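Numbering (our numbering), first residue to last: 313 to 679. C-beta atoms are modelled at their ideal positions from N, C-alpha and C, and glycine is treated no differently. Note that the coordinates shown come from a computational prediction; the quantities given were computed from them, not determined experimentally. Note sheet for the following structure.
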Ligand code: HEM
């Protein structure tokens, strides 16, 4: 009790720092509002597929559309490949174009930037979830080296794929007017090549990661209580029970296991058109791929926030491999009960890492 009071008093901000923090938060809020307004302008401008159509295919008249919709597959509109009788200008292609440009593209942008704004707002209003009890200084192994390497390789690939994918969808509205055709041409071609080649690599790492942690992510009864209390993020002193993975992490896991797999499967369909799939299949794969990719990018911002700014101590597990006993007790109480006898001092951690006869175990003993 005495320790807690002493800690609280050292943490209390002086009037000056309180005001600085308040002004800083308000300034950030203002930047956020201005930025969101800018993004929504781009999104609204994008939602006009007719404008793009005028530049993309200026010569198609209303009469020609009537002919195409009535089922005309005359040689005027036909795919010129020797074994193809596919009409290049067709109603399903138009449906795909409208779906992509009027719905997926603007709403994807709103989802990603809306999520970023919500997280920023949450941080400014609620702030970081600090550890409430003092650290004990004793450490528990949470993520062995192999899992850390897997996580960071997969995360890096995901971020590169998200950025290149968004460049494929939105880049022309921002970078083309900004840098001109020559630089834009190089940018879009680099984005396309890296997106196409890194996608399958990400798919392999994703599957290995999913298989490695599936057992820790089976839903349990206590997860409902965790969700009801929003993981204790909103209230000081609230620490709902959690095993190795809490309910928030489980939701992220199952999103990756469903939406993530749909993302990589549709990516394969797009990456290998030589498998003989029809153009209609490619169009649907494109819509599924974009929806899943943009949706996961939006949710990943929440994961990245909690892993870095949002919660004191989380990132230590994924960088050093070890977490403080206090972090384990406050955020993963049920897991802590299972592994508390494995806690070691910082010197022992350093000795393990230096390889002094005690190498790092490949996993903690957990259920
Ligand atoms: C810079 C970006 C990222 C940061 C800072 C980050 C941070 C973290 C941290 C700190 C943990 C451990 C949480 C704990 O110990 O309870 C974790 C776990 C995990 N992360 Fe990330 N992450 C990032 C990106 C990603 C991405 C892009 C993905 C997926 C594509 C991903 C997938 C996962 C998975 C599957 C886990 C294991 C969760 C579980 O099942 O227990 N992370 N991340």
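Is the distance from the Cβ of residue i to the Cβ of residue j below 9 Å?
i: residue 265; j: residue 648; result: Lying outside 313 to 679, the shown extent of the chain, residue 265 is not represented and no answer is given.
i: residue 417; j: residue 602; result: yes
i: residue 604; j: residue 571; result: yes
i: residue 408; j: residue 595; result: yes
i: residue 451; j: residue 609; result: no
i: residue 506; j: residue 476; result: yes
i: residue 380; j: residue 606; result: no
i: residue 644; j: residue 625; result: no
i: residue 513; j: residue 458; result: no
i: residue 405; j: residue 591; result: yes
i: residue 611; j: residue 565; result: no
i: residue 636; j: residue 443; result: yes
i: residue 496; j: residue 484; result: yes
i: residue 632; j: residue 661; result: yes
i: residue 344; j: residue 490; result: no
i: residue 520; j: residue 462; result: yes
How many angstroms separate the CA atom of residue i from the CA atom of residue j?
i: residue 523; j: residue 473; result: 22 Å
i: residue 317; j: residue 552; result: Reliability of the predicted coordinates at residue 317 is poor, the pLDDT of 36 falling under 50, and the value obtained from them is presented with this limitation in mind. So the two alpha carbons sit approximately 23 Å from each other.
i: residue 414; j: residue 449; result: 54 Å
i: residue 529; j: residue 618; result: 18 Å
i: residue 646; j: residue 665; result: 27 Å
i: residue 341; j: residue 613; result: 18 Å
i: residue 421; j: residue 654; result: 46 Å
i: residue 325; j: residue 623; result: Only weak support is given to the placement of residue 325: the predicted model assigns it a pLDDT of 44, under 50, and the question is left unresolved by the model.
i: residue 550; j: residue 331; result: 27 Å
i: residue 546; j: residue 615; result: 16 Å
i: residue 515; j: residue 335; result: 44 Å
i: residue 540; j: residue 533; result: 12 Å
i: residue 544; j: residue 538; result: 8 Å
i: residue 401; j: residue 554; result: 55 Å
i: residue 319; j: residue 568; result: Low local confidence applies: a pLDDT of 39 at residue 319 is under 50, so the model's placement there is unreliable, with the coordinate-based value given in what follows. Approximately 39 Å, taken between the alpha carbons.
i: residue 587; j: residue 441; result: 50 Å
i: residue 431; j: residue 454; result: 26 Å
i: residue 419; j: residue 663; result: 51 Å
i: residue 556; j: residue 535; result: 12 Å
i: residue 412; j: residue 578; result: 15 Å
i: residue 559; j: residue 531; result: 8 Å
i: residue 482; j: residue 630; result: 32 Å
i: residue 598; j: residue 346; result: 32 Å
i: residue 659; j: residue 561; result: 30 Å
i: residue 375; j: residue 574; result: 39 Å
i: residue 492; j: residue 410; result: 27 Å
i: residue 600; j: residue 548; result: 40 Å
i: residue 494; j: residue 471; result: 25 Å
i: residue 271; j: residue 460; result: Residue 271 is absent from the structure shown; the chain starts at 313 and stops at 679.
i: residue 321; j: residue 542; result: Low per-residue confidence applies at residue 321: pLDDT is 38, beneath 50, and the placement is therefore not dependable, though the value from the model is reported in the following sentence. In a straight line, the C-alpha of residue 321 is about 27 Å away from that of residue 542.
i: residue 667; j: residue 502; result: 42 Å
i: residue 403; j: residue 508; result: 28 Å
i: residue 315; j: residue 339; result: In this prediction, residue 315 has a pLDDT of 36, which is less than 50 and means its spatial position is unreliable; what the coordinates show is noted afterwards. C-alpha separation (whole angstroms): 35 Å.
i: residue 705; j: residue 585; result: Coverage of the chain is limited to positions 313 through 679, which leaves residue 705 absent and any answer about it impossible.
i: residue 679; j: residue 464; result: Its pLDDT being 46, under 50, residue 679 is placed unreliably in this model, and the value from its coordinates should be taken loosely. Spanning the two alpha carbons is a distance of roughly 24 Å.
By DSSP's criteria, residue i is part of a beta bridge. Which residues make up the other side?
i: residue 520; result: DSSP, once it has assigned bridges, lists no residue as partnering residue 520.
i: residue 636; result: 451
i: residue 600; result: Bridge partners of residue 600: none, in fact.
i: residue 656; result: 451
i: residue 478; result: In DSSP, residue 478 forms no bridge with anything.
i: residue 594; result: Residue 594 is not bridged to any residue.
i: residue 623; result: 441
Please check the pair residue i and residue j, which I expect to be a contact at CB under 8 Å, by giving their CB distance rounded to whole angstroms.
i: residue 337; j: residue 436; result: 5 Å
i: residue 466; j: residue 517; result: 4 Å
i: residue 446; j: residue 638; result: 7 Å
i: residue 478; j: residue 487; result: Their Cβ separation, rounded to whole angstroms, is 11 Å, which puts residue 478 and residue 487 out of contact at 8 Å.
i: residue 589; j: residue 576; result: With 8 Å as the limit, residue 589 and residue 576 do not qualify as a contact, their Cβ atoms being about 16 Å apart.
i: residue 628; j: residue 456; result: That pair is no contact at about 14 Å.
Under a CB-based cut-off of 9 Å, is residue i close to chain D?
i: residue 523; result: Looking at the structure shown, chain D is missing, and only one protein chain is on hand.
What do you reckon, is the C-beta of residue i under 8 Å from a heavy atom of ligand 2?
i: residue 561; result: You won't find ligand 2 in this model; what it holds is ligand 1.
Would you mind listing the alpha helix (DSSP H) stretches within the stretch 400-457 that are 4+ residues and don't spill past its ends, in chain order? The alpha helix (DSSP H) runs of length 4 or more contained entirely in the stretch 400-457 are, from start to end of the chain, 403-410, 417-437.
Which ranges would you report for the alpha helix (DSSP H) in the stretch 536-617 if only whole runs of at least 4 residues count? Listed in chain order, the complete alpha helix (DSSP H) runs (minimum 4 residues) inside the stretch 536-617 are 559-567, 573-583, 591-617.
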